[in-house]
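Shown next, in structure tokens, is the structure this report addresses.
2 protein chains.
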Amino acid sequence: MANPEPSDAGAGLSEQVAEALRERIISGSLPAGSKLNERELSAELQVSRIPLREALPLLEAEGFIHSEARRGSVVHTFTLRDAVEVFDLRLRLEPFAARCAALRVAGGASPEDLLASLEYARTGVPGEQASGRNSDLHEEIVLLADHDLLRRLSSLLNGRVRWLFRLTPERDTPGMWEEHAELVHAIAEGRPALAEALAGAHVERGRHASLPHLSERLPSVPVPRRGRKTRSPA
Amino acid sequence: MANPEPSDAGAGLSEQVAEALRERIISGSLPAGSKLNERELSAELQVSRIPLREALPLLEAEGFIHSEARRGSVVHTFTLRDAVEVFDLRLRLEPFAARCAALRVAGGASPEDLLASLEYARTGVPGEQASGRNSDLHEEIVLLADHDLLRRLSSLLNGRVRWLFRLTPERDTPGMWEEHAELVHAIAEGRPALAEALAGAHVERGRHASLPHLSERLPSVPVPRRGRKTRSPA
DNA sequence: CCGGAAACTTTTGAATACCAAATAGCGCAA
DNA sequence: TTGCGCTATTTGGTATTCAAAAGTTTCCGG
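Quick look at the structure:
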């Protein structure tokens, strides 16, 4: 339910391309500062330039790449500031999402998908993509909130959240699951005020726990523009 | 300063196309439910299908159109719910933007662009696009906040805000300017808590003042899919 | 030897032409 | 009238081509 298609086969080709690039950027296989050559990439991904050029603006909107007219696109250099900004906005959006979701449940909506997602986050194969299961849970809350604009803004944020979660795998602990469980139950019981407060606390705890790790893992200054191949020094 | 190019001439062709369509949708010249025929539109806008096909995903992300695979795109039917959702998210984002902006000023940033924008909102040509000047002011606050992710989310919201403002021109009163002035001054004086609270109050006052007008101006049920030409009844 | 201008090359932005697949509309028959 | 199948339009995608701008190299002069 939470994951109908393993790789998004149904969507348009441009979105598949976007997702492929997103994945490469998050995983570091496309390093920060890399120049994205359209012809090279379209050859590599086995598509023409059209779907590629439809994908680039999407990635640009999410801030994964920077495009300047007639100069091409470069992979964004994520810094500590980017991480802080993600927490800043999660702090504004997730409590609202939790609140809406709880209100919806109070109004009769079924929280079963959300509960299933929580269970999945707990029982899923341990090593495999725990960070992904966590962001799935957050997305499930947004879905339950049934708020179109919120969903749009959240999906813009989603890629960055995935990036952030994958950068701090040590946060995937039983304690994290407890936090999620508390939040999900507040929603499932239809208690908007509690859900909103818990979501806020959840984000702020995450920020506090992550920042020390992040500040030693992220560059503090943008990587200068460089070519496709990772050129190691000397 | 606030408006370097009257029509966005510098940007890529796709963004010009997107803006043109956005404008037509907001103004009603492309009515809700209209089917967007790629060939027809590209002929009308004097561009090939390429920039058009790059523009459509942007409008889709902003929720101005709905695209289904192999079925084309239809103009979104704005309802009261859409308006409520805009207020919901402005309530979450604008106080944060105001807060950041005030913090930046307290940290030494210059609020002169913002003050200029306020002055422009007051003195600008009366009839001409007052709603546009108002949303410019909000954008200026976001710019001053100097928060990359916030800027991205806000620009996704921006089109809808413009739509909403143009739908309720009666809100463009001296009282509105007073509210803006109070907010801008709190920011310019570097008072984050006050600025945040004022921004929230501003949004909620707007919601309360607008909803009565909106509920009589917006359809409550989506317009069914229909062809390009506006077919008046009988 | 270094600096700057000119020529060359690469790459993007955009247009045109084309094809396959799928939808949708239409007509026809029961 | 209703259901079925055919045609025709339209989208999604590819390949090719062109112009213009950016970047790079070369070459000449100080």
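Top to bottom, those sequences are chains C and W. The first sequence begins at 1 in our numbering and counts up one residue at a time. The second sequence begins at 1 in our numbering and counts up one residue at a time. Each residue gets a CB set at the ideal place from its N, CA and C atoms; glycine is no exception.
Any C-beta of chain W under 9 Å from that of residue i
i: C:Gly63; result: yes
i: C:Leu150; result: yes
i: C:Gly200; result: no
Proximal residues of chain W, C-beta to C-beta of residue i below 8 Å
i: C:Arg92; result: Arg92, Leu93, Phe96
i: C:Val86; result: Leu149
i: C:Leu153; result: Leu89, Leu153, Leu156, Leu157
Test: residue i CB closer than 9 Å to a CB of chain C
i: W:Asp82; result: yes
i: W:Gly89; result: Here residue 89 of chain W turns out to be Leu, not Gly, going by the sequence shown. With 9 Å as the cut-off, W:Leu89 counts as an interface residue toward chain C.
i: W:Arg160; result: yes
Residue environment, residue i, which counts as buried when at least 16 other CB atoms sit within 10 Å
i: C:Glu68; result: exposed
i: W:Gly236; result: Residue 236 of chain W lies beyond the residue range present for chain W, which begins at 1 and ends at 234; the question has no answer from this structure.
i: C:Glu189; result: exposed
i: W:His76; result: buried
i: W:Arg99; result: buried
i: W:Glu40; result: exposed
i: W:Ala101; result: buried
i: C:Pro51; result: buried
i: W:Pro57; result: buried
i: W:Arg81; result: exposed
i: C:Pro169; result: exposed
i: C:Glu178; result: exposed
i: W:Ser38; result: It is worth fixing the name first, because residue 38 of chain W is Glu in this sequence and not Ser. Exposed: under 16 other Cβ atoms inside 10 Å.
Proximal residues to residue i (C-beta, below 7 Å), its chain only, five neighbours per side dropped
i: C:Leu156; result: Ala61, Glu62
i: W:Ala20; result: Leu45
i: W:Met1; result: Confidence in W:Met1 is poor, its pLDDT being 45 and thus under 50, which makes the residue's placement unreliable; the coordinate value appears in the next sentence. Excluding sequence neighbours, W:Met1 sits near Asp113, Ala116.
i: W:Arg22; result: Leu59, Phe64, Gly159
i: C:Arg133; result: Tyr120, Ala121, Gly124
i: W:Arg217; result: Leu167
Nonlocal neighbours in the same chain, by C-beta distance under 6 Å from residue i, ignoring five residues either side
i: W:Trp163; result: Ile26
i: W:Ala130; result: Asp172
Under 8 Å from the C-beta of residue i: neighbouring residues of chain C
i: W:Gly12; result: Ala69
Chain-ordered chain W contacts of residue i [CB-CB under 7 Å]
i: C:Val142; result: What C:Val142 touches in chain W: nothing, since even the nearest Cβ is about 12 Å away.
Cutoff 8 Å; reference residue i; Cβ partners in own chain excluding five residues on either side
i: W:Leu150; result: Leu93, Phe96, Ala97, Cys100, Val142
i: C:Val203; result: Phe87, Arg90, Leu91, Glu94, Pro95
Compile a chain-ordered list of the residues in the region 45 to 70 of chain W whose CB is closer than 7 Å to at least one CB of chain C. Arg53, Glu54, Pro57, Leu58, Ala61, Gly63, Ala69
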